[in-house]
Amino acid sequence: MAHEVWQTLAVDADTLLRVTGLTKRYPGVTALDDLTLEIPRGRTGLVGANGAGKSTMFRLLLGLAQPTEGHIQVCGIDVADDPIEVRSRLGYMPEHDCLPLDQTAADVVSTFGELSGLPRRAARQRASDILDLVGLDEARFRPIGGFSTGMRQRTKLAQALVGDPELVLLDEPTAGLDPLGREEMLALVSRLGTFGISVLMATHLLDDVQQVCDHVVMIDGGKLVVSGATDSLLDRTGVVTVDVGRHSDELVAGLARAGLAATIENGLVEATVDGDKEMDLLRDVVADLGLPLFRLSTRLTSLDEVFLRGTGESA
Amino acid sequence: MSADAEIPESRRGAVYDRGYRPYEGPRGRRGAATGALYRASIRRALGLRRAWRQKVAPFVLLGVVTVPAIVNVGIGYITRDQPIDRIEIITYREYVGVSSALLLFVALVAPDVMCPDRRQRVLPLMFARPLTGTDYVVAKVGSITTILFAFSFLPQVVLFIGNMLVSDSALDYFTGHLDVLWQVPVAVLLLAVYYAVIGCAISSLTDRRIVAGAAVIGLFLVTSISSGVIVGESDSFDGNDGSLGALINVLALPLHLRDVVFLGHVDPYSQLGGVDNGGLLAAATYIVVLCLGLGVLWRRYRWVER
């Protein structure tokens with residue numbers, strides 16, 4: 001009955017993924033617990049600690065496991081009804097090593113293109129284009145066994161993209177990368193949105209999500225913590241950061257005299273202000289003291305704080 | 316004056332970011348994916364697009380299994396004008412049973428086609444495509460069957476054409492051996508499917524090629540030796556001395572069927588010779604072994620089935 005009701009739900013054109021009442025139980029453990037959410041097209045971060053249920057979510061999305069309860073709709077198609085059609089629209093980049101090491105990147109990506117349903121010639125052409133796109137043009141005829149971690153991650157991304165998916169599932173795409181490799185991978189992920197490919201990126205690195213994703217889904221222990229646009233989650237904290245050069249102590253004393261609490265963090269003054277009146281008061285204190293004002297900005301919450309608040313650990 | 320200004324417009328280069336081009340052409344589903352995996356597995360088994368070392372084993376084997384045909388035809392050619400009976404070192408029926416070479420090939424190729432997918436954890440990538448566990452098994456078993464069939468059938472073609480050419484009358488030889496034209500492919504197909512299913516089933520149980528290869532050879536050798544102990548060696552038979560114990564000989568099982576195909580009955584000098592309904596029992600055992608092998612494969616890859 002619930003299934004029939006689900007089928008009648010209208011699919012919003014902007015909704016890429018719709019999950020309702022999704023539960024997955026294994027013997028002795030509940031991996032996902034009554035998860036209901038909608039994910040729009042674009043770049044979405046699926047955030048959670050290890051064991052939060054991210055990989056289980058991916059397996060369910062790919063139709064590689066059956067939910068205990070609930071339904072998943074990808075691009076308007078119920079995964080239970082037509083997992084093959086769903087898979088033909090998805091790309092998947094696992095976290096773990098998964099590439100045949102004795103083959104060249106061109107062969108591997110081309111073969112996975114064919115496995116995605118592309119004709120042979122088209123698969124070879126697209127493999128070449130995609131490897132160029134991810135920065136492996138020069139190395140595409142080398143065996144993957146000789147690749148660095150960063151190159152293997154790029155090859156994994158290439159095989160996920162070669163079938164021209166509507167949605168690509170990235171499982172910890174920056175895992176094991178050095179800072180430069182991480183930045184390059186995030187830049188690639190960020191570009192995918194401009195190609196019309198939506199991204200669902202599972203990670204436990206909130207900085208990565210904050211950098212590239214415009215939507216965030218946080219899960220913990222298989223339960224939904226929070227879901228929403230990244231910007232909407234980064235609330236104002238009521239803390240204002242003031243850069244007055246070497247005069248921080250002078251400003252803190254002046255603010256105290258005016259009745260505003262302030263501290264010095266990393267050489268910058270952080271003052272707690274409540275409303276426009278106190279903001280004006282802070283400005284006046286700086287002016288009255290004749291201090292140079294290099295920067296005045298409100299501090300936003302980080303996703304870490306949102307996550308901790310959501311899981312009840314912030315206190 | 317800038318450097319650009321010094322270069323004529325027509326000779327200036329440009330760097331283009333080719334960006335991303337969506338694919339808008341035709342797209343296949345399960346059939347296309349299965350076909351792609353089948354072709355990729357054949358390439359892997361033959362060592363194509365791989366280092367030269369990977370190509371040695373399959374093509375040396377093809378050479379080895381073709382030698383008897385070439386020798387047979389060569390002797391026929393040398394003795395074609397001699398007033399002696401035609402010398403045949405191997406018959407079409409016996410040629411189907413060049414199984415020791417094929418056995419080695421199966422022990423080498425089946426693990427190479429199956430084990431790395433599991434060991435290198437490629438399976439999740441494959442099953443994230445429009446491909447089911449059944450499709451995977453069909454592609455893998457199909458690829459090995461195809462290669463075994465080709466490697467068993469091509470030498471027979473060499474033998475047939477060679478014999479035809481060195482005979483007194485090619486047309487008479489052809490018309491006199493028409494039954495071989497269906498017997499050979501049927502017998503070879505029975506053998507190829509059998510070895511492929513057993514090789515793939517055993518290889519699916521481990522991710523280590525060496526273990527799988529040893530297990531394949533071990534299964535054939537152990538059952539062959541056990542059957543020899545129970546029934547006795549067929550070399551010493553006077554005819555119809557066999558017993559039901561021959562059915563545990565996994566190595567010889569498809570050869571009994573081969574005999575049924577070529578002779579219409581089990582070879583009386585084989586380990587199954589003289590057993591009532593021996594051909595039927597061999598066929599039933601053959602089917603049971605195939606079902607067991609396919610059952611193992613289905614079980615090993617069922618996790619992607621819904």
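Residue numbers (my numbering), protein chains in the order written: chain A, 1 to 315; chain B, 316 to 621.
C-beta atoms are modelled at their ideal positions from N, C-alpha and C, and glycine is treated no differently.
Pair within 8 Å by beta-carbon distance, residue i and residue j
i	j	result
LEU463 of chain B	ALA511 of chain B	yes
LEU255 of chain A	VAL285 of chain A	yes
GLY113 of chain A	GLY70 of chain A	no
LYS134 of chain A	ALA158 of chain A	Checking the sequence, you will find Val at residue 134 of chain A rather than Lys. In this structure, ALA158 of chain A lies closer than 8 Å to VAL134 of chain A by Cβ.
THR194 of chain A	HIS215 of chain A	no
PRO439 of chain B	PRO27 of chain A	no
ILE77 of chain A	LEU61 of chain A	no
LEU233 of chain A	VAL226 of chain A	yes
ALA502 of chain B	VAL411 of chain B	yes
VAL91 of chain A	LEU161 of chain A	Reading off the sequence shown, one finds Gly at residue 91 of chain A, where the question assumed Val. Their beta carbons are under 8 Å apart, which means GLY91 of chain A touches LEU161 of chain A by this criterion.
LEU572 of chain B	ALA599 of chain B	no
GLY594 of chain B	VAL581 of chain B	yes
ARG41 of chain A	LEU16 of chain A	yes
VAL209 of chain A	VAL47 of chain A	yes
SER539 of chain B	VAL590 of chain B	no
GLN211 of chain A	LEU186 of chain A	yes
GLY257 of chain B	GLN369 of chain B	Residue 257 of chain B is absent from the structure shown; chain B starts at 316 and stops at 621.
CYS213 of chain A	ARG43 of chain A	yes
PRO83 of chain A	THR23 of chain A	no
ALA31 of chain A	GLY53 of chain A	yes
ASP102 of chain A	GLY145 of chain A	yes
ARG444 of chain B	ALA348 of chain B	yes
LEU206 of chain A	ASP276 of chain A	no
Residues of its chain near residue i, where Cβ-Cβ distance is below 6 Å and the 5 sequence neighbours each way are ignored
i	result
CYS430 of chain B	SER518, ASP522, ARG524, ALA527
ALA425 of chain B	ILE459, GLY514, CYS515, SER518
GLU270 of chain A	VAL239, THR241, THR263
GLY656 of chain B	The structure shown has nothing for residue 656 of chain B, since chain B only spans 316 to 621.
PRO470 of chain B	VAL380, THR381, ALA384
LEU136 of chain A	ALA105, ARG154
Spatial neighbours of residue i in its chain, beta-carbon cut-off 7 Å, leaving aside the 5 residues before and after
i	result
GLY245 of chain A	PRO292, PHE294
SER482 of chain B	TYR488
LEU504 of chain B	PHE464
ARG358 of chain B	ARG364
GLN586 of chain B	SER542, VAL546, SER549, GLY557, ALA561, ASN564, ALA567
LEU281 of chain A	ALA258, LEU260
GLU172 of chain A	GLU95, ALA202, THR203
Under the three-state DSSP convention, the category residue i falls into
i	result
THR298 of chain A	strand
ARG246 of chain A	coil
PRO445 of chain B	coil
ILE39 of chain A	strand
ALA355 of chain B	helix
TYR451 of chain B	helix
VAL375 of chain B	helix
SER585 of chain B	coil
TYR26 of chain A	strand
ALA31 of chain A	strand
LEU334 of chain A	The requested residue 334 of chain A is not part of the displayed model; chain A covers only 1 to 315.
VAL199 of chain A	strand
LEU418 of chain B	helix
MET1 of chain A	For MET1 of chain A, the predicted model reports a pLDDT of 38, less than 50, meaning its position is unreliable and no value from the coordinates is stated.
8 Å CB neighbourhood of residue i in its chain, flanking five on each side removed
i	result
THR8 of chain A	Low local confidence applies: a pLDDT of 35 at THR8 of chain A is under 50, so the model's placement there is unreliable, with the coordinate-based value given in what follows. Nothing listed; no residue qualifies.
SER324 of chain A	Look at the range of chain A in this structure, 1 to 315, and you will see that residue 324 of chain A is not part of it.
SER297 of chain A	VAL240, THR241
VAL473 of chain B	THR381, ALA384, ILE385, VAL388
GLY228 of chain A	HIS215, VAL216
VAL576 of chain B	GLN498, VAL501, ALA502, LEU505
Contact test: residue i Cβ vs the ligand FMN heavy atom, cutoff 7 Å
i	result
GLU184 of chain A	Of the ligands one can find in the structure shown there are none, so the ligand FMN has no counterpart to examine.
For the stretch 176 to 199 of chain A, which residues have a CB atom closer than 9 Å to at least one CB atom of chain B, in sequence order? ARG191, LEU192, THR194, PHE195, GLY196, ILE197
Within 7 Å of chain A by C-beta, residues of the stretch 421 to 448 of chain B in sequence order: Flagged, chain order: PRO431, GLN435, ARG436, VAL437, PRO439, LEU440, MET441, PHE442, ALA443, ARG444, PRO445, LEU446.
Can you give, in chain order, each stretch of the alpha helix (DSSP H) that sits fully within the stretch 478 to 561 of chain B and has at least 4 residues? Here the runs fully enclosed are 485 to 491, 495 to 518, 524 to 546.
Positions along the stretch 338 to 361 of chain B whose CB lies within less than 7 Å of some CB in chain A: TYR338, GLY340, PRO341, ARG342, GLY343, ARG344, ARG345, ALA347, ALA348, ALA351, LEU352, ALA355
Ignoring anything shorter than 4 residues or poking outside the stretch 57 to 129 of chain A, list the alpha helix (DSSP H) runs there in chain order. 83 to 88, 105 to 115
Kindly provide the ranges of any alpha helix (DSSP H) runs that are 4 or more residues long and lie completely inside the stretch 213 to 277 of chain A, ordered along the chain. 230 to 233, 248 to 258
Can you list, in chain order, the stretches of the beta strand (DSSP E) that have 3 or more residues and sit fully within the stretch 136 to 194 of chain A? 167 to 171
Please name the residues in the stretch 114 to 148 of chain A whose beta-carbon is closer than 9 Å to at least one beta-carbon of chain B, in chain order. GLU114, LEU115, SER116, GLY117, LEU118, PRO119, ARG120, ALA122, ALA123, ARG126, ASP129, ILE130, ASP132, LEU133, PRO143
Anything in the stretch 95 to 112 of chain A with a Cβ closer than 8 Å to a Cβ of chain B? List those residues in chain order, please. HIS96, ASP97, CYS98, LEU99, PRO100, LEU101, ASP102, GLN103, THR104, ASP107, THR111, PHE112
What residues in the stretch 198 to 227 of chain A have a beta carbon less than 7 Å from any beta carbon of chain B? none
Note down, in chain order, all residues in the stretch 45 to 63 of chain A with a beta-carbon under 7 Å from any beta-carbon belonging to chain B. LEU62, GLY63
Quick one: which residues of the stretch 448 to 465 of chain B get their C-beta closer than 7 Å to a C-beta of chain A? List them in chain order. Close to chain A, meaning a Cβ-Cβ distance shorter than 7 Å, is no residue of the stretch 448 to 465 of chain B at all.
According to a CB-to-CB cut-off of less than 7 Å, which residues of the stretch 71 to 87 of chain A neighbour chain B? PRO83, ILE84, ARG87
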